[in-house]
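In this note's numbering, the protein residues as written are 1447 to 2142. Virtual Cβ for every residue (Gly too), placed ideally from N, Cα, C. Reading through the structure tokens given below for one structure.
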Amino acid sequence: MATRSGVRPREAATHCPYCALQCGMVLHATTDGVEVAARDFPTNRGGLCQKGWTAAELLDHPDRLTTPLLRDRPGGELRPAGWDEALDRVATALRTLADRHGPDAVAVFGGGGLTNEKAYALGRFARVSLRTRHIDYNGRWCMSSAAAAGNRAFGVDRGLPFPLADLGRADTLLLVGANPAETMPPLMRHLTDQRERGGRLIVVDPRATATARQADLHLQPLPGTDLAVANALLHIALREGYLDRAYVAARTTGFDEVRRTVAGYWPAEVERLSGVPVADLEATARALATVDRAIILTARGAEQHAKGVDTVSAFINLALALGLPGRPGAGYGCLTGQGNGQGGREHGQKADQLPGYRRIDDPAAREHVARVWGVDPAALPGAGVPAYRLLDSLGTPSGPKALLVFGSNPVVSAPRAARIESRLRDLDLLVVADFLRSETAELADVVLPVTQWAEEDGTMTNLEGRVLRRRALREPPAGVRTDLEILAGLAARLPDAAPLPTDPREVFEELRRASAGGPADYAGITWERIDADTGVFWPCPDEHGPDRPRLFADRFHTPDGRARFHPVTHRPAAEPVCADYPLHFTTGRVLAQYQSGTQTRRVAALRRAAPGGFVELHPDLAARLGVAEGTPVRVVSRRGELCAPARLSPTIRPDTVFAPFHWPGAARANSVTNDAVDPVSGMPEFKICAVRVERA
Ligand code: SF4
């Protein structure tokens, strides 16, 4: 299938380039370009959303970058350049900065959309070729709170520890801060199965989203109170005698402290705090506890808070007390967002990790990985800092002076984005590898054009922990290189750097060895094995042994095999409302756009469906403000403001306003968001801050 070999297939069975559902699709080469057809795959079962159907439009888009771009002086224009000139410029600047300030003067920022091979190669390039500890990625802003909570409770972080099809078999499904009807529409087929089998769907969301409107019960808490809601559910479950005593005794530790903690979460008080009626809390606890199979899922709504890890822990505590994890058709899971959000956090582009989900501060892990990389373990740098701290330190006296960005657009996606934009402008060198001129690329000194998904081979790991094959259909346009070729080209220009492979299969073979024995063990996964089936679930240590679609049946991945309860307590949002900023502000996605919108804002059909940002507010609030549908409004926080037309909706709480985060410029939602971060995961508090709204 590799097109670099000169073989050009007329069709390729691959997966959508966007979200973590990784819907199966077939690409056909036609005389007019590339056509997309849906493919029956266990996650999407023949469905695609509008983003998937239109994904091929970007392959030959007029905005596509096909030559490197250089800026010769600050404030000057980007101009086309050759590859040697561009790579020489970057390598020379990196060498100079590292010589002058030390290796940590250079930082790397990756993305949750990169293939496993690229994420792995980026981590190795940073630690071995650059010798910097400063590498992190935008997945820090996506699943890191659920990852941290999963690790501390179960000893491992695999978003869904069971196949997606299990959702269809659940008698009760509790979705917390998830809106798959808009973010992952084909996933709703599994929820339809569940409802047709007589199952109940309960949604926790401050907005009556498209998913919440399909639920049997919708809990609509004040943003930032999910943790209290979870503790109240556990309080009720214990009061009603729903505790699975045998399971808790045999398979967990730490329950007594959690019992004492939730004893204080009286439902009536939690109703006053969250706005969720006691009757709904009781109905939810009953619906989870009195059925055979119940599943609790969290997503960004619950996780993107300065207490995101504790909030997820509260729901895991509830699941453990009811004896759910490890039972077929039951358990706790997180709905991963970005295309390779799962694989992207397993193979070394996170500040504290080495491949295989190993910890970089673990001497045994360092020794294993250093052996694979052919370096002295002592030469590997230590842990870096989480994404926001990293970006906020750029260009400061003690921070990195150069940043290499692969597959990310922090100018739009970072919290408190104006501040991060200013930090990027302070750098001595900003390099962006992308296939479009993103808002971050517009600030760069060097822009390197890369291949797109239909032009490359590799693997992705979807939200189930299922490793999939991305398959190339066609050659990239002349002038475009793969990320692996760029890393190899830079490594070759750096002193003492070992050569990096550019063949993704060769990189995957090395990744297998580097991950062997780690929590995310890919040693038994081969491209042939993935091709022969519908992917392979990790951990899979043995090429001839089974993979693991379901985890935790007999034991958890902790030293004693038991899951850990963690007592957690509610605390207010980092920024409470006040007289000057009396409203809660929350952010999210719309169906027709994806992440920072660099790609989807350029697709004609998606632009027609969702042409620009908006501010959603309740009609009662709008009336108080003298605002009608379409009136331009300004949302102002202590950090900045956004300006967009008002969209009136009775489905949002009157004390809360919402804006999607896909747009730059005046409508940039992240001009407003708070940069307070979770102390464990580094997750910023995207989902709540205090604002006022005025007519623009
Ligand atoms: Fe692509 Fe996600 Fe839409 Fe599926 S749901 S087509 S993976 S964007």
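Asked, Found
"CB of L1679 within 8 Å of CB of T1730, strictly", "yes"
"Spatial neighbours of A1448 in its chain, beta-carbon cut-off 6 Å, leaving aside the 5 residues before and after", "A caution first: A1448 carries a pLDDT of 47, below 50, which makes its placement in the model unreliable, though a value can still be read off. For A1448, where only same-chain residues beyond five positions count, the Cβ hits under 6 Å are D1903."
"Best match in P1514, D2101, G1777 and R2114 for proximity to D1929 [C-alpha to C-alpha]", "P1514"
"Segments of 4+ residues assigned as alpha helix (DSSP H) that fall wholly inside the segment 2059-2103", "2065-2071"
"Contact check, G1785 vs A2068, beta carbons under 8 Å", "no"
"Cutoff 6 Å; reference G1397; Cβ partners in own chain excluding five residues on either side", "Given a span of 1447 to 2142 for the chain in the structure shown, any question on residue 1397 remains unanswerable."
"Expected contact under 8 Å - CB spacing of L1850 and V1877 to nearest Å", "5 Å"
"beta-carbon L1613 near the ligand SF4 non-hydrogen atom, thresh 7 Å", "no"
"Contiguous beta strand (DSSP E) assignments of at least 3 residues, all confined to the segment 1623-1679", "1646-1650 and 1663-1665"
"L1873 versus A1553: straight-line alpha-carbon distance, rounded", "11 Å"
"C1588 vs G1787 beta-carbon contact at 8 Å", "yes"
"Buried/exposed call for T1477, threshold 16 Cβ in 10 Å", "exposed"
"The ligand SF4 heavy atom lying under 7 Å from the CB of L1610", "no"
"Beta bridge counterpart(s) of V1892 as assigned by DSSP", "L1516 and V1877"
"Distance cut-off 7 Å: L1930 Cβ against heavy atoms of the ligand SF4", "no"
"At least 3 beta-carbon pairs within less than 8 Å: the segment 1960-1974 vs the segment 1793-1813", "yes"
"Distance cut-off 7 Å: C2089 Cβ against heavy atoms of the ligand SF4", "no"
"Opening and closing residue of the alpha helix (DSSP H) in which F1701 lies", "F1701 to V1708"
"6 Å Cβ shell around D2066 - same chain, five flanking residues per side excluded", "P2100"
"Opposing strand residues paired with C1465 [DSSP bridges]", "Q1784"
"Alpha-carbon spacing of G1548 relative to W1819, whole angstroms", "22 Å"
"For A1448, the three-state DSSP class (helix, strand or coil)", "Because A1448 carries a pLDDT of 47, less than 50, the predicted location of this residue cannot be relied on, and no value is offered for it."
"Cβ neighbour criterion (16 or more within 10 Å) applied to E1523", "exposed"
"For review: beta carbons within less than 6 Å of any heavy atom in the ligand SF4", "C1462, Y1464, C1465, L1467, Q1468, C1469, N1490, L1494, C1495, K1497, G1498, M1630, P1631 and P1632"
"Completely contained beta strand (DSSP E) runs for the segment 2016-2066, where each covers 3 or more residues", "2029-2034 and 2061-2063"
"Touching by the beta-carbon criterion (3+ pairs, under 8 Å), the segment 1664-1673 and the segment 1751-1761", "yes"
"F1852 beta carbon less than 8 Å from that of L2146", "A question about residue 2146 goes unanswered here, because the residues of the chain that appear run from 1447 up to 2142."
"Three-state class that DSSP yields for E1563 in the structure shown", "helix"
"Residues that Q1799 bridges to, as DSSP identifies them", "R1805"
"Segment contact, 8 Å Cβ cut-off, at least three pairs: the segment 1606-1621 with the segment 1642-1655", "yes"
"H2030 vs A2113 beta-carbon contact at 8 Å", "no"
"Whole runs of the alpha helix (DSSP H) within the segment 1877-1958, excluding any shorter than 4 residues", "1929-1939"
"Backbone CA spacing between T1907 and A1943 [nearest angstrom]", "29 Å"
"Coil, strand or helix - I1581 by DSSP", "strand"
"Boundaries (first-last residue) of the alpha helix (DSSP H) holding V1755", "G1754 to A1767"
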